[in-house]
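Residue numbers for the sequence shown follow the working numbering, so the first one is 436 and each next one is one higher. Below is one structure, written out as structure tokens; comments come after it.
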Amino acid sequence: MGQGLWRVARNQQLQQEYGEHWDAGPGLDGDPQDLGMEMGANPGQAPPSPGVGDLGGGPLPPHPHPRRHPQHCQGADIYQLLRARRGKEQQGFIDLEMLPPELSITILSYLNATDLCLASCVWQDLGHDEYLWQGLCKSTWGHCSIYNRRLPYGFSYRRLYMMLDEGSLTFNANHQEGISYFMSKGILVDHPKELAKFIFCTRTLNWKMLRVYLDERRDVLDELVTLHNFSNQFLPNALRDFFRHIHAPEERGEYLETLITKFSHRFCACNPALVRDVGLSPDAVYVLCYSLILLSIDLTSPHVKNKMSKREFIRNTRHAAQNISEDFVGHLYDNIYLIGHVAA
Numbered sequence: 436m437g438q439g440l441w442r443v444a445r446n447q448q449l450q451q452e453y454g455e456h457w458d459a460g461p462g463l464d465g466d467p468q469d470l471g472m473e474m475g476a477n478p479g480q481a482p483p484s485p486g487v488g489d490l491g492g493g494p495l496p497p498h499p500h501p502r503r504h505p506q507h508c509q510g511a512d513i514y515q516l517l518r519a520r521r522g523k524e525q526q527g528f529i530d531l532e533m534l535p536p537e538l539s540i541t542i543l544s545y546l547n548a549t550d551l552c553l554a555s556c557v558w559q560d561l562g563h564d565e566y567l568w569q570g571l572c573k574s575t576w577g578h579c580s581i582y583n584r585r586l587p588y589g590f591s592y593r594r595l596y597m598m599l600d601e602g603s604l605t606f607n608a609n610h611q612e613g614i615s616y617f618m619s620k621g622i623l624v625d626h627p628k629e630l631a632k633f634i635f636c637t638r639t640l641n642w643k644m645l646r647v648y649l650d651e652r653r654d655v656l657d658e659l660v661t662l663h664n665f666s667n668q669f670l671p672n673a674l675r676d677f678f679r680h681i682h683a684p685e686e687r688g689e690y691l692e693t694l695i696t697k698f699s700h701r702f703c704a705c706n707p708a709l710v711r712d713v714g715l716s717p718d719a720v721y722v723l724c725y726s727l728i729l730l731s732i733d734l735t736s737p738h739v740k741n742k743m744s745k746r747e748f749i750r751n752t753r754h755a756a757q758n759i760s761e762d763f764v765g766h767l768y769d770n771i772y773l774i775g776h777v778a779a
């Protein structure tokens with residue numbers, strides 16, 4: 436009994452899934468009268484039952500139910516259903532080489548380098564397309580000196596991607612060897628502005644190695660700071676953006692003071708109206724930045740039990756920056772309280 440019910444349910448599922456493969460012909464709509472028309476009977480005459488000459492045997496009793504279209508019966512033709520399923524499975528994936536080149540390139544442009552290499556095993560011409568590898572290079576390493584040069588004949592962006600990836604891994608292990616690798620391959624030029632643009636537009640470099648490198652190359656650090664645009668940004672948000680590209684050291688020291696000093700001058704240069712209306716100066720921004728860092732540690736550290744209140748923060752900050760209004764300092768506190776650390 437259970438197996439019979441299972442077969443009926445399975446047949447109904449297959450019938451519903453592949454119902455579109457049935458081709459309803461004339462006279463097969465389940466009407467016995469139309470069925471008789473198809474078999475050559477006169478209108479109004481019941482369809483004849485097969486005789487001795489038809490099947491080579493004795494007369495058979497008439498079927499108790501008229502023949503119906505498979506869509507109206509409980510038990511579908513399993514053979515035809517399985518045949519339709521096999522036809523669907525044999526279709527497989529769409530061959531990208533049969534599509535227009537523009538559409539195929541657009542589809543493959545969503546792949547990363549690893550998946551594109553795997554796709555080249557199936558579609559060799561499409562997987563090695565220079566347009567795709569050029570997009571991968573510039574989306575991962577936004578600026579390289581080699582992009583602005585006249586490329587030689589036979590230049591391969593796929594080979595360039597492999598060298599850029601190799602150089603990034605080398606930099607993350609040893610920053611000096613990594614930069615030397617980029618220069619030896621002609622990818623970068625030893626110029627502070629070019630190196631700063633490369634660092635600013637790249638997200639694959641280890642931030643600890645990058646911090647050591649910038650501490651050694653202060654000329655590159657100066658150019659990197661000038662690439663930031665803090666116009667119309669609230670001070671805590673601008674400081675977060677700054678530390679997102681140039682990671683702050685884990686402890687207070689000369690390098691942190693250098694970073695905050697450079698940020699303060701750059702922030703005031705990008706917001707002359709704010710300097711004029713609020714009374715900010717590089718020295719005042721320097722004090723506010725330190726206050727924001729200390730407030731961030733105070734509010735986010737689980738080891739500090741008694742958190743600094745808004746009134747205490749305003750009072751302590753006004754002692755160091757007397758020209759700043761209480762409302763502006765209060766907004767600074769609210770930003771840290773709601774959003775979080777400025778150097779996270």
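Don't be surprised by glycine CBs; every beta carbon is placed ideally from N, CA and C. Quantities reported herein were computed from a predicted structural model and do not represent experimental measurements.
- In the DSSP assignment, Thr575 forms no beta bridge with any residue.
- According to the DSSP secondary-structure assignment, Thr549 is paired through a beta bridge with no residue.
- Nearest to Phe669 by alpha-carbon distance, out of Gly688, Met598 and Gly765, is Gly765.
- By the neighbour-count criterion, in which a residue is buried when 16 or more other Cβ atoms sit within 10 angstroms of its Cβ, Asp560 is exposed.
- Residue state for Thr637 is assigned as strand, using DSSP reduced to three classes.
- From the listed residues Met618, Phe698, Pro684 and Ile622, the smallest Cα separation to Ser666 is found for Phe698.
- Here the region 646–665 makes contact with the region 679–688; the two share three or more CB pairs at distances below 8 Å.
- Within a 10 Å sphere around the beta-carbon of Ser731 sit 16 or more other beta-carbons, which makes this residue buried.
- Excluding five sequence positions before and after Trp576, the CB atoms of its chain that fall closer than 6 Å to its own CB belong to Leu599 and Thr637, given in chain order.
- Nearest in C-alpha terms to Glu629, of all of Met743, Ile614 and Trp642, is Ile614.
- Judged by beta-carbon spacing, Leu546 lies beyond the 7 Å limit of Ser539, meaning their Cβ atoms are not closer than that value.
- Rounded to the nearest angstrom, the gap between the Cα atoms of Met618 and Ile749 is 50 Å.
- Beta-carbon to beta-carbon, Leu640 and Phe677 are separated by about 17 Å, too far to satisfy the 8 Å threshold.
- Annotated three-state conformation of Ile681 is coil, per DSSP.
- Less than 7 Å divides the Cβ of Leu674 from the Cβ of Val777.
- In this structure, DSSP gives Phe617 a helical state, which the three-state scheme calls helix.
- At the C-beta level, Ala756 and Val713 stay beyond 7 Å of one another.
- Judged by DSSP secondary structure, Gly589 falls outside any alpha helix (DSSP H); it is assigned neither H nor E.
- Looking at the backbone, the Cα of Tyr690 and that of Leu767 are separated by about 24 Å.
- Out of Leu649, Arg687 and His578, the CA that lies nearest to the CA of Cys724 is found in Arg687.
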